[in-house]
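Trainee: Read top to bottom, the protein sequences are chains A and B. The first sequence begins at 1 in UniProt numbering and counts up by one. The second sequence begins at 1 in UniProt numbering and counts up by one. Pasting in a structure now, in structure tokens, and then I'll have a few things to ask.
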Amino acid sequence: MAHCTSFPYEPVAEIGGGAYGTVYKARDTESGKFVALKNVRVQTDQNGLPVSTVREVALLKRLEQFDHPNVVRLMDVCATPRSDQETKVTLVFEHVDQDLKTYLEKAPAPGLSSDRIKDLMRQLLCGLAFLHSNQVMHRDLKPENILVTSQGQVKLADFGLAKIYSCHMALTPVVVTLWYRPPEVLLQSTYATPVDIWSTGCIFAEMFRRKPLFCGESEMDQLGKIFEVIGLPQEEEWPTGVTVSRKNFPAVKARPITDFVPEINEQGAKLLMQMLTFDPLKRISALNALEHLYFQDEETSNQDETL
Amino acid sequence: MTMMTLQDDLTTAAAKGNTADVESLLRRGAAVNGVNRFGRTAVQVMMMGSWPVAQALLQHGADPNVADRSTRTTPLHDAARTGFVDMVRLLVAAQADPQARDNQSRLPVDLARENGHAEVVAFLETLK
Ligand SMILES: Nc1ncnc2c1ncn2[C@@H]1O[C@H](COP(=O)(O)OP(=O)(O)OP(=O)(O)O)[C@@H](O)[C@H]1O
Ligand SMILES: [Mg+2]
Numbered sequence: 001m002a003h004c005t006s007f008p009y010e011p012v013a014e015i016g017g018g019a020y021g022t023v024y025k026a027r028d029t030e031s032g033k034f035v036a037l038k039n040v041r042v043q044t045d046q047n048g049l050p051v052s053t054v055r056e057v058a059l060l061k062r063l064e065q066f067d068h069p070n071v072v073r074l075m076d077v078c079a080t081p082r083s084d085q086e087t088k089v090t091l092v093f094e095h096v097d098q099d100l101k102t103y104l105e106k107a108p109a110p111g112l113s114s115d116r117i118k119d120l121m122r123q124l125l126c127g128l129a130f131l132h133s134n135q136v137m138h139r140d141l142k143p144e145n146i147l148v149t150s151q152g153q154v155k156l157a158d159f160g161l162a163k164i165y166s167c168h169m170a171l172t173p174v175v176v177t178l179w180y181r182p183p184e185v186l187l188q189s190t191y192a193t194p195v196d197i198w199s200t201g202c203i204f205a206e207m208f209r210r211k212p213l214f215c216g217e218s219e220m221d222q223l224g225k226i227f228e229v230i231g232l233p234q235e236e237e238w239p240t241g242v243t244v245s246r247k248n249f250p251a252v253k254a255r256p257i258t259d260f261v262p263e264i265n266e267q268g269a270k271l272l273m274q275m276l277t278f279d280p281l282k283r284i285s286a287l288n289a290l291e292h293l294y295f296q297d298e299e300t301s302n303q304d305e306t307l
Numbered sequence: 001m002t003m004m005t006l007q008d009d010l011t012t013a014a015a016k017g018n019t020a021d022v023e024s025l026l027r028r029g030a031a032v033n034g035v036n037r038f039g040r041t042a043v044q045v046m047m048m049g050s051w052p053v054a055q056a057l058l059q060h061g062a063d064p065n066v067a068d069r070s071t072r073t074t075p076l077h078d079a080a081r082t083g084f085v086d087m088v089r090l091l092v093a094a095q096a097d098p099q100a101r102d103n104q105s106r107l108p109v110d111l112a113r114e115n116g117h118a119e120v121v122a123f124l125e126t127l128k
């Protein structure tokens with residue numbers, strides 16, 4: 001990894017602080033454009049940066065060569081040694097000056113049109129299908145991490161860092177939102193790319209509702225809120241080896257999703273339920289979701305060529 | 001870790017497009033034209049896609065004509081480059097100067113044109 005030699009970026013505001021480091025809005029003083037700077041503190045040993053970090057960064061750089069329209073550009077990565085035990089890794093991303101949260105809040109009543117929602121969903125799933133086909137999971141999808149340009153182009157931010165963070169961060173307790181977390185993460189079972197599809201389902205519902213679908217205040221509360229909609233899963237579906245018992249939850253039945261998302265059409269509701277499926281192995285994949293009848297319906301007039 | 005001041009909080013809320021926080025910080029006495037620890041005001045760093053944040057700041061007397069201390073970029077340059085036409089209109093209505101030049105001598109309309117934002121170009125050209 002290159003050292004930070006020419007570094008034309010000046011931070012102008014802090015926009016995120018997680019367990020692993022800090023995110024800044026910054027200006028590239030050469031082009032005048034904004035960038036997003038992510039500083040990650042990584043523990044080092046006598047061999048320098050951990051192999052896993054180097055590998056993750058190499059993967060992100062490889063992804064970059066595809067120039068995918070629905071993920072933010074990674075412009076630069078460099079390392080600054082801090083001490084014998086710690087190195088600061090700085091990732092420089094293209095900055096997009098609007099997120100989905102703001103975009104939804106700004107939409108005048110009664111909210112986004114069904115065409116607009118479909119277009120946003122298609123782009124979101126294209127970005128995810130691209131990441132997943134490269135074995136990258138996002139793991140923290142939420143409206144703040146989904147960026148929307150002034151031209152309506154969706155770009156995913158904040159992906160592929162999960163491994164860099166989880167292996168090497170000096171853990172500090174942070175409050176992270178639970179609302180987009182799938183049951184397998186809440187139950188601390190094993191998880192993989194289907195986590196992102198669950199989050200996408202929550203966001204799909206939110207595009208119609210203009211408020212989040214499941215607003216839990218703790219892991220247990222979040223699970224309870226999920227079961228009130230999808231029903232308590234069968235005993236056989238409950239993952240083995242998790243500490244939380246199924247008996248903690250009332251035996252509620254699934255309710256029609258249209259009780260919660262009344263504006264959604266029939267195919268949309270079907271797709272949504274395939275995303276909000278308890279068992280991650282039965283949950284629809286990003287690629288299959290893109291093939292779903294929902295995206296083949298009449299109402300989409302603008303059949304996007306590449307997105 | 002440096003201590004966050006009210007000014008830092010205000011610029012962070014503005015950059016995140018968090019209108020409710022911007023409003024409550026202003027009520028709690030954050031100076032609308034005060035600078036954060038990077039020497040920038042809220043209007044200079046606000047999320048360009050969030051006209052509600054811009055409106056809250058401008059109604060509280062934010063100066064839309066502060067240029068970046070390194071590049072002389074103004075908020076109108078940023079709005080024009082990123083193509084948010086609502087933001088461009090709002091800034092112009094609040095007396096942002098369409099003739100401001102950055103350190104490469106570019107006008108806001110130049111940046112809109114360079115980035116293919118036809119609607120912004122058309123609007124800025126009506127101001128001449
Ligand atoms: N490339 C980008 N362009 C614009 N904004 C970005 C970009 N990347 C991240 N952000 C914004 O910065 C915020 C913080 O970034 P990030 O999610 O990496 O930090 P975080 O500390 O992990 O916060 P959180 O845990 O809330 O996600 C995000 O919510 C997002 O809105
Ligand atoms: Mg994050």
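Ideal Cβ placement from N, Cα and C applies to all residues, glycine included. Since the model is a prediction, treat every value here as computed from it, not as a measurement.
Pick helix, strand or coil for residue 56(A), following the three-state DSSP scheme.
Mentor: helix
Trainee: I'd like to know whether the C-beta atoms of residue 137(A) and residue 193(A) end up nearer to each other than 8 Å.
Mentor: yes
Trainee: Which of the three DSSP states, helix, strand or coil, is assigned to residue 260(A)?
Mentor: coil
Trainee: Below 8 Å on the Cβ atoms is my guess for residue 42(B) versus residue 11(B); work out the distance and round it to an integer in Å.
Mentor: 5 Å
Trainee: Residues in the same chain with beta-carbon distance under 6 Å from residue 39(A), minus the five sequence neighbours each way, listed in chain order, please.
Mentor: 21, 22, 88 and 90
Trainee: Among the residues of its own chain, which have a CB less than 7 Å from the CB of residue 201(A), if the five just before and after it don't count?
Mentor: Taken in chain order, the residues that qualify are 272, 275 and 276.
Trainee: Alpha carbon to alpha carbon, how far is residue 264(A) from residue 109(A)?
Mentor: 16 Å
Trainee: Out of curiosity, what's the CA-to-CA distance linking residue 119(A) and residue 8(B)?
Mentor: 36 Å
Trainee: Strictly below 9 Å CB to CB, what residues from chain A border residue 63(B)?
Mentor: Correct list: empty, because the minimum Cβ distance to chain A is about 16 Å.
Trainee: Below 7 Å, is the gap between the Cβ of residue 38(A) and the nearest heavy atom of ligand 1?
Mentor: Because some heavy atom of ligand 1 lies under 7 Å away, the Cβ of residue 38(A) counts as near it: yes.
Trainee: Provide the residue span of the alpha helix (DSSP H) that contains residue 202(A), from first to last.
Mentor: Looking at the DSSP string, the run of the alpha helix (DSSP H) that includes residue 202(A) is 194–209.
Trainee: Which one of 24(A), 149(A) and 9(A) has the shortest CA to CA distance from residue 16(B)?
Mentor: Proximity to residue 16(B) across 24(A), 149(A) and 9(A) peaks at 24(A), based on C-alpha coordinates.
Trainee: Can you tell me whether residue 140(B) is buried or exposed, with buried defined as 16 or more other CB within 10 angstroms of its CB?
Mentor: Residue 140(B) falls outside the range modelled here, since chain B spans only 1 to 128, and no answer is possible.
Trainee: In chain B, which residues lie less than 7 Å from residue 284(A) when you measure between Cβ atoms?
Mentor: Around residue 284(A), no beta-carbon contact reaches into chain B at under 7 Å, the shortest distance being about 30 Å.
Trainee: Thinking C-alpha only, which one of 116(B), 114(B) and 57(B) is nearest residue 19(B)?
Mentor: 57(B)
Trainee: Counting contacts by CB-CB distance shorter than 8 Å, is residue 38(A) in contact with chain B?
Mentor: For residue 38(A), the answer is no, since every Cβ of chain B falls outside 8 Å of its Cβ.
Trainee: Are any of the Cβ atoms in chain B nearer than 8 Å to that of residue 32(A)?
Mentor: yes
Trainee: Within 7 Å: the Cβ of residue 94(A) and any heavy atom of ligand 1?
Mentor: Yes, since a heavy atom of ligand 1 falls inside the 7 Å radius drawn around the Cβ of residue 94(A).
Trainee: Exposed or buried, residue 67(A), counting other C-beta atoms within 10 Å across all chains shown (16 or more means buried)?
Mentor: exposed
Trainee: Residue 87(B) to residue 266(A), Cα distance in whole Å?
Mentor: 37 Å
Trainee: Using a Cβ-Cβ cut-off of 8 Å, state whether residue 15(B) counts as contacting chain A.
Mentor: Chain A contact via Cβ: present.
Trainee: Report buried or exposed for residue 46(A), applying the criterion of at least 16 other Cβ atoms within 10 angstroms of its Cβ.
Mentor: exposed
Trainee: Assign residue 10(A) to one of three DSSP states: helix, strand, or coil.
Mentor: strand
Trainee: Taking the C-alpha atoms as reference points, what is the distance between residue 16(A) and residue 104(B)?
Mentor: 30 Å
Trainee: Return yes when the Cβ of residue 260(A) is within less than 8 Å of the Cβ of residue 122(A), no when it is not.
Mentor: no
Trainee: Assuming residue 249(A) and residue 227(A) are in contact, meaning their beta carbons sit under 8 Å apart, how far apart are those beta carbons, in whole angstroms?
Mentor: 6 Å
Trainee: Nearest to residue 7(A) by alpha carbon, out of 59(A), 42(A), 72(A) and 92(A)?
Mentor: 92(A)
Trainee: Does the distance between the C-beta of residue 15(A) and the nearest non-hydrogen atom of ligand 1 fall short of 7 Å?
Mentor: yes
Trainee: Between residue 228(A) and ligand 1, is there a pair consisting of the residue's CB and a ligand heavy atom that are separated by less than 7 Å?
Mentor: no
Trainee: Less than 8 Å between CB atoms is the rule here; does residue 28(B) satisfy it with respect to chain A?
Mentor: no
Trainee: Drop a sphere of 10 angstroms on the beta-carbon of residue 102(A), count the other beta-carbons inside from all chains shown, and report buried for 16 or more, exposed for fewer.
Mentor: Here residue 102(A) is buried. Its C-beta has 16 or more other C-beta atoms within 10 Å.
Trainee: Compare the C-alpha of residue 205(A) against each of 2(A), 112(A), 155(A) and 149(A) and name the closest.
Mentor: 112(A)
Trainee: Does any residue of chain A bring its CB to less than 8 Å from the CB of residue 38(B)?
Mentor: yes
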